[in-house]
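Chains as they are written, first to last, in our numbering: chain D, 1 to 500; chain X, 1001 to 1394. Ideal placement from N, C-alpha and C gives every residue a C-beta, glycine not left out. Everything on this sheet refers to the single structure shown next.
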């Protein structure tokens, strides 16, 4: 064998150089070959699909840009044969689409709301920005308050009896504080008299539904003796509860007292701020419209549906048969009917449900309908997350001695909500799209105002309605597409421990 | 025994710390609160209704309606009662939902499969479709179809004409009406015979394949039987079918039958919108079948088509069907948007009756009961179906 190498004319002693892959496999050419023309059939499909895309894309571009009319004062510029989109119409109406019939000199108030919302929301959405807790607090408590006052004008008529009711509720809570601080057994022992007084207060309140106590003039304004009696009894109960707590000096008691004080300050402060006259011109909700109403309905629905939905989902998973039954009935009843019937119900039946003298305006009624409807959907999404958490997590939490609410808020819900973020955002998206249905019960949301203004005789042309709907669709699309992209981003970011 | 169980018995807990007592207390409290609200609502409603002099009860359903419906599957005139109006509306809801479900399923499966295509352009078209349609409100799309697309069609005189049989104009789609003469029952009999025959062939083909391994093209045979036997029946009866063609007379068509623009707009927008959701469900379902299944099928020597048909699709269907059913339900509920374009479905006719009679409580109750029973029936069926289809594990 050793001599054979001498007989060979040529022997390669090193590897051949590595060649680049064939040009048909890499780069643009390779990609095109692999993705568009791998077989004859595929090539034909590609050509047809490409031609369709080109034709379609060109059609849209030509209509929206190249053949479009860009300036003019009335219908004559747009009613030309072969004209594309009628942009001057949109330009002249766009402010109305955003603000509705909000008084023109007051539009700065809406602008402040939009601006503050954006400024608070953007850092909330970017995960790396700190102070999330304060940001959330601002978004969920301060911002709605500012918006409410700015948009309506504030200066709500808050009668002295409503302050009295608030005080009664706070006193009732104070009467139960010892139970919270010392546990039920000891709390009952220590505040027997206070609880008894508060109980009498509640009984008087209940009795006021059966007996008409009439109304008397007091230094505070018109009040019913029943309300005063309720306030006196619960107030006495609450005072005794607080005295009990202060007497012990126990850290748990101090914490309970502090939380109660914060709650009381926030509640009374909110009521006082709503009552203050800031000198803003009042604007009825019937003057709101356009994108403003769409956003108000969507944001209220989103903010209200999440906590309600979580409660309903917990209720549905509860071991208590009555809680479970009520939750199931509530969820299935709302989910089984179309939103339109819910809105009709809110607009024609809600006034019948309320006692005489209590009245919600049209927008408020629609908001209630939307919030209840979407909370049922949210409940099902959250329930999916709760079911996906392994039983071991529940059992481990219980083994550590956590109470039900601690187990849920510290162990189960953080994991469950993380899993269902895509589902939550999906229901936000469908809620956002569903807000257009309020137009059917006569609220001037974006779609309604766009439809109405496209029927305007001043701009009547074959291209007016298409341009109007195109713009509205684009606005909705930007919001919904943005939300869905954000949900995908968050899903990827939060995907930590569940991938095995 | 008792000694042991006593030793492991729970320690005596005080009355208020007993979880059982607590749970009963919570539930009693909830019951009281809900009861209070229910009482308040009923009480207020009755007070308000008596104050407004609105009679309660369903007697108004027998009164004459006094309005016409632009489309009805049953005989309906303005002398018909409110009850009949609601029934006609309900039938319209059912019809538009049923046809919409079929169209949306077909379109949705096509788009969903396109989304998985290896061809980049085809995939992009599907993605473009889904991302556009899903993110724009259905009502807006419905307005576009009704107020822009169908309104811009030419009038009856310049209608798009297909073989002098189909005319598409802004009055709707006019098409021939089929008139069945004597002996047409033979065609119907042929149709049922075809269905029975197809089932019989399928059973036989399966048994034969189980016994011998020889496949038989039973699907094609079945389709052929269902299509050809009615024709044979009609031929035997001497082809007793005539068509009533629409004819342009004056400003509109006479004769034939017409699909009104409201119905078309509703149907098209519902199908297109729901199809975008179904497409995503189909894609997710197919992707949920693990690649190992396809590889295993290939290793067994199955070709691409039998792999798809026998391995991938049956497993994908298990994932697809539950969300598909909820999309069908959504489509049915969304058909209530008809009220916005004036198609007389259950909600639209109910709304008219409500405006005329003021019987808000009764009408809303009827709506809720009808839609709730539709939903509950569907979800009951789905639970049964899921239980049947569930993967039986060891």
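- Residues of the segment 1363-1391 of chain X with a Cβ closer than 7 Å to any Cβ of chain D, in chain order: 1364, 1367, 1368, 1371, 1372, 1375 and 1376.
- For residue 1162(X), the secondary structure class from DSSP, reduced to helix, strand or coil, is strand.
- Less than 7 Å divides the Cβ of residue 1165(X) from the Cβ of residue 1176(X).
- Distance from the Cα of residue 70(D) is smallest, within the candidate group 84(D), 416(D) and 61(D), for 84(D).
- With contact defined as three or more Cβ pairs closer than 8 Å, the segment 360-372 of chain D and the segment 389-397 of chain D are not in contact.
- Taking the Cα of residue 1245(X) as reference, the smallest distance to any Cα among 1167(X), 1272(X), 1227(X) and 1234(X) is reached at 1167(X).
- Judged by pairs of C-beta atoms under 8 Å, the segment 352-359 of chain D does not touch the segment 273-288 of chain D, as fewer than three such pairs exist.
- Neighbourhood of residue 1023(X) in chain D, by CB distance below 8 Å: 319 and 320, in chain order.
- By the rule that beta-carbons nearer than 7 Å mark a contact, residue 184(D) touches chain X.
- Annotation: the continuous alpha helix (DSSP H) that includes residue 248(D) extends over 225-248.
- Interface annotation for the segment 118-129 of chain D against chain X: empty, criterion Cβ-Cβ distance under 7 Å.
- Contacts with chain X at 7 Å (Cβ-Cβ) do not include residue 41(D).
- Remark: C-beta atoms of residue 454(D) and residue 448(D) do not approach each other more closely than 7 Å.
- A contact between stretches requires three or more CB pairs, one per stretch, nearer than 8 Å, and the segment 1133-1148 of chain X meets this requirement with the segment 470-490 of chain D.
- In terms of Cβ geometry, residue 275(D) and residue 364(D) do not form a close pair [threshold 7 Å].
- Chain order gives the chain D residues near residue 1016(X) as 184, 185 and 188, where near means a beta carbon separation below 8 Å.
- The residue from 167(D), 261(D), 427(D) and 179(D) with its alpha-carbon nearest to that of residue 233(D) is 167(D).
- Of all residues in the segment 421-445 of chain D, only 433, 436, 437 and 440 come within less than 7 Å of chain X when Cβ atoms are compared, listed by chain position.
- Counting other Cβ atoms within 10 Å of its Cβ, residue 1043(X) stays below 16 and is therefore classed as exposed.
- Inter-residue distance for residue 227(D) and residue 1096(X) is about 55 Å (C-alpha atoms, whole angstroms).
- Taking residue 412(D) as the centre and dropping the five residues before and after it, the same chain places the C-beta of 386, 389, 393, 394 and 397 closer than 8 Å to its C-beta, in chain order.
- Just measuring C-alpha positions, the residue of 1317(X), 1232(X) and 1089(X) sitting nearest residue 1346(X) is 1089(X).
- Between residue 264(D) and residue 170(D), the gap from beta carbon to beta carbon is short of 7 Å.
- Chain-order list of chain D residues neighbouring residue 1139(X): 436, 437 and 447, by C-beta distance under 7 Å.
- Residue 1125(X) reaches chain D at 49, 52 and 53, counting residues in chain order whose Cβ is nearer than 8 Å.
- The Cβ-Cβ distance between residue 1279(X) and residue 1111(X) falls below 7 Å.
- Taking 7 Å as the CB threshold, residue 1086(X) stays off the interface with chain D.
- Proximity of chain X to residue 472(D) at the Cβ level (cut-off 8 Å) is accounted for by 1140, in chain order.
- Counted as a single uninterrupted DSSP element, the stretch harbouring residue 25(D) is not any alpha helix (DSSP H), since DSSP gives it neither H nor E.
- Residue environment for residue 1352(X): buried (at least 16 other C-beta atoms within 10 angstroms of its C-beta).
- Nearest in C-alpha terms to residue 1073(X), of all of 1057(X), 1146(X), 1086(X) and 1091(X), is 1091(X).
- Residues of the same chain with a CB within less than 8 Å of the CB of residue 1227(X), apart from the 5 flanking positions on each side, are 1194 in chain order.
- Looking only at 424(D), 468(D) and 91(D), the smallest Cα-Cα distance to residue 379(D) is reached by 424(D).
- Closer than 7 Å to the CB of residue 370(D) there is not a single CB belonging to chain X.
- Per DSSP, the continuous beta strand (DSSP E) segment holding residue 1258(X) begins and ends at 1257-1259.
- A straight-line Cα-Cα distance of about 47 Å links residue 46(D) and residue 414(D).
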